[in-house]
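Have a look at the structure below, then the notes.
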Amino acid sequence: MHRCRVAITIGLFFAFVGSALQGQPPAGYYSSAQGLTGTSLRNALHNIIDNHTVIPYSGGSFDAHDGLDLIYEDPTNPSRVLLVYSGFSVPKSTWPAYNREHAWPVSLASDSGPSYSDMFALFACDADVNSARSNKFFDDCFSSCDTHPEAPGCFYDDNSWEPRDVEKGDIARALFYMDVRYSGDSGSEPDLVLQDLPSSFGCDCMAILSTLLDWHGQDPPDAAEMAKNDLIFDLIQGNRNPFIDDPTWVYDIFGGAPPEPTGPSGVWINEIHYDNGGSDVDEGVEIAGPAGTSLTGWRVVAYNGNDGSEYDEVLLTGLTIDSESAGYGAIWLSLTGLQNGSPDGLALIDDTGAVREFLSYEGVFTASEGAASGLVSEDILVNEDGLTAVGESLQRVGTGTTSSEFSWTGPSTHSRGSLNDGQSIPAAPGVEFIRGDCNIDGFLGIGDALSLLNYLFASGPATCLDACDPSDDDQILINDPLTLLNYLFASAPAPSAPFPGCGPDPTGTTDLGCVDYFCP
């Protein structure tokens, strides 16, 4: 039987890359889940993502095969698809040499009903690799590990499968979604359960939960995973994976804790205003850090010092720190209704759920819930009161590049959205960059190509255009993401110096704009 197979054009892909980098659910989509934890949060999220549009597994005008071709299309070539476990790009015409990999195996209860074709748990995969993975549960492999020639970055033994590092978090969040989405409340749907015991045939369960929690923290959502979330929501099923939109919900439901920050925070709370004479105005906080840092998925949570509970939060969606001085900048966040102490506090939480800072004013207290639960606040030792003038704030001053190198002062005239007066960022010895590192995260990856495409076709930000020029031709054109993707996936030559490594551009003759970016 002949049927028309749906194809997405590269132009449409670019358009979705532009929105997906924001990773933004519609306003109010998760309103019924806000402020909840544990079973209450699980139930609320289940009700939000339940009853999605179900597509056929096969044989329909648009089925799971079409969905894979859409979601995993190679951004450099719309006739090819990127495979899980290997990252290889293969022609779509080679189907079924690649096929549908169920992250939650069909033999472990995802073999019927909506779960069978749920696109959040289906991946395009080499057929031989899919067969080798079979129904193995996910875990780190430590001894007697095999590899597969079509997935050399994966390791497995008789019972378990360890994917590549760059997709461990993606796999974990797919399984967290399946556990919450499928609770057995419909006659055709299984009750899927993640557990720490090895899964086995006939069990509606998958494993290993503790490993999946680790992988979730080690590999937070990136632009490609956010794009997948948006595509499935907008074009296929009409629901979202909540653990891509808010990674901290994983810990609220499944336990565990986000990775601890290491050392002083390189992104920090830089300014606070919560009280002034008369009615409080312009309340909020300022976040500072390296220019180009994406704050998507980060949160500022307001804590009540009386009982340690959360009373408000701001989700920092689609925000990128600007460039103001020596590769650093600041962003102001309005947070109306900040409590006036004594004490109260604020937690800065990154996109993995790790608490970067937990600050308080007018005293010290211990958080009783949320990401900062059990943590003792750090008193900033300055405060505002009913005599503070409108237009003043509490600010960090001094010289440094991490939170611990500055001290708090004020109230004094605010500098909302700009580095503070009396705050100095030391200049690096020279303009430095990693050629091809367009998203400025310190290494080359698919995220850099997505950042380039977003810049070229969706007016996305690009802090350092010199770094966005992997072809080293002193201009930013479509050949730059193609050069990078060919290097990453097609064994093309690496970008010229300073890659690998970082440093001044030894070859460029034109300054495209990189005066404030320095090697991470």
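Quick note on the numbering used here: the sequence shown kicks off at 512 and runs consecutively. Where a beta carbon is used, it is the ideal one built from N, C-alpha and C, also for glycine. Predicted, not measured: the structure shown is a model, and the values here were computed from it.
1) Whole angstroms are fine: how far does the CA of Tyr814 sit from the CA of Asp823?
2) For Gly808 and Gly624, I'd like the C-alpha separation in whole angstroms.
3) Which term fits Ser834, buried or exposed, when burial requires 16 or more other beta carbons within 10 angstroms of its beta carbon?
4) Counting beta carbon pairs with one atom in the region 854–868 and one in the region 723–738, are three or more of them shorter than 8 Å?
5) Helix or strand or just coil, what does DSSP make of Leu967?
6) Could you spell out the range, first to last residue, of the beta strand (DSSP E) harbouring Pro922?
7) Out of curiosity, what's the CA-to-CA distance linking Tyr596 and Val640?
8) What number of angstroms, rounded off, separates the C-alpha of Leu870 from the C-alpha of Ala883?
9) Is DSSP giving Asp823 helix, strand or coil here?
10) Give the single residue among Val811, Gly1012, Leu955 and Thr912 whose Cα lies nearest to the Cα of Glu797.
11) Straight-line CA distance for Leu905 to Gly800?
12) Check Asn720 in the structure and name its three-state DSSP category.
13) Near Leu930, what residues of its chain come up, given a Cβ to Cβ distance below 8 Å and the 5 sequence neighbours on each side ignored?
14) Does Cys656 pass the burial test, meaning 16 or more other C-beta atoms within 10 Å, or should it be called exposed?
15) Any idea if Asp984 is buried or exposed, counting beta-carbon neighbours within 10 angstroms, 16 or more meaning buried?
16) Any beta carbon from chain D within less than 7 Å of Gly897's own beta carbon?
17) Using three-state DSSP, classify Ser543 as helix, strand or coil.
18) Return the CA-CA distance between Ser573 and Gly953, expressed in angstroms with no decimal places.
19) Assign Leu892 to buried or exposed, taking buried as 16 or more other Cβ atoms, counted over all protein chains shown, within 10 Å of its Cβ.
20) Between Gly767 and the rest of its own chain, which residues show a CB-CB distance below 6 Å, the 5 nearest in sequence each way excluded?
21) Taking only runs that begin and end inside the region 666–733, name each unbroken alpha helix (DSSP H) of 4 or more residues, in chain order.
22) Look at the alpha carbon of Pro607 and the alpha carbon of Pro537, and state the distance between them as a whole number of angstroms.
23) Can you list, in chain order, the stretches of the beta strand (DSSP E) that have 3 or more residues and sit fully within the region 764–812?
24) Mapping the DSSP letters down to three states, classify Pro589 as helix, strand or coil.
25) Taking all protein chains shown into account, do 16 or more other C-beta atoms lie within 10 angstroms of the C-beta of Pro1011, making it buried, or fewer, making it exposed?
26) Express the C-alpha separation of Pro1009 and Gly1030 in angstroms, rounding to a whole number.
27) Within 10 angstroms of the Cβ of Val592, are there 16 or more other Cβ atoms? Answer buried if so, exposed if not.
28) Use the C-beta contact count for Ser909: other C-beta atoms within 10 angstroms, 16 or more gives buried, fewer gives exposed.
29) Using 7 Å as the threshold, is the C-beta distance between Ser820 and Ser879 below it?
30) When the Cα atoms are used, what is the spatial distance from Asp763 to Gly1024?
31) What residues in its chain sit with their C-beta under 6 Å from that of Phe687, if we drop five residues either side in the sequence?
32) Alpha carbon to alpha carbon, how far is Ser590 from Met630?
33) In chain order, what residues of the same chain have a beta carbon less than 6 Å from the beta carbon of Gly852, not counting five sequence neighbours either side?
34) When the Cα atoms are used, what is the spatial distance from Phe744 to Leu547?
35) Go to Tyr747, then tell me how far its alpha helix (DSSP H) extends in each direction, as first and last residue.
36) Output needed for Val887: all residues of its chain with C-beta closer than 6 Å, excluding positions within five of it in sequence on either side, in chain order.
Result, derived from the coordinates:
1) Cα to Cα, Asp823 sits roughly 7 Å from Tyr814.
2) 32 Å
3) buried
4) yes
5) helix
6) Ser918 to Thr924
7) 8 Å
8) Cα to Cα, Leu870 sits roughly 11 Å from Ala883.
9) It is a strand residue.
10) Val811
11) 17 Å
12) Sequence inspection shows Leu at residue 720; the Asn mentioned does not correspond to that position. Here Leu720 sits in helix by DSSP.
13) Here the set comprises Asn781, Ala799, Glu835, Ser836, Tyr839, Gly840, Ala841 and Ile936.
14) exposed
15) exposed
16) Structure shown: chain D not included; a single protein chain is present.
17) helix
18) Checking the displayed sequence, the identity of residue 573 turns out to be Phe instead of Ser. Those two C-alpha atoms are separated by around 40 Å.
19) exposed
20) Leu724
21) 676–692 and 720–729
22) 36 Å
23) 779–784 and 795–801
24) Note: Pro589 maps to coil in three-state DSSP.
25) Answer is exposed; the Cβ neighbour count stays below 16.
26) For the record, residue 1030 in the displayed sequence is Cys; it is not Gly. Between the alpha carbons of Cys1030 and Pro1009 lies a gap of roughly 11 Å.
27) buried
28) Reading the sequence as shown, one finds Gly at residue 909 and not Ser. Exposed is the call here.
29) yes
30) 43 Å
31) Phe754 and Val761
32) 20 Å
33) Tyr872 and Glu873
34) 23 Å
35) Looking at the sequence itself, residue 747 is Ile, so the reference to Tyr does not match. Counting along the chain, Ile747 falls outside any alpha helix (DSSP H), and DSSP gives it neither H nor E.
36) Thr877
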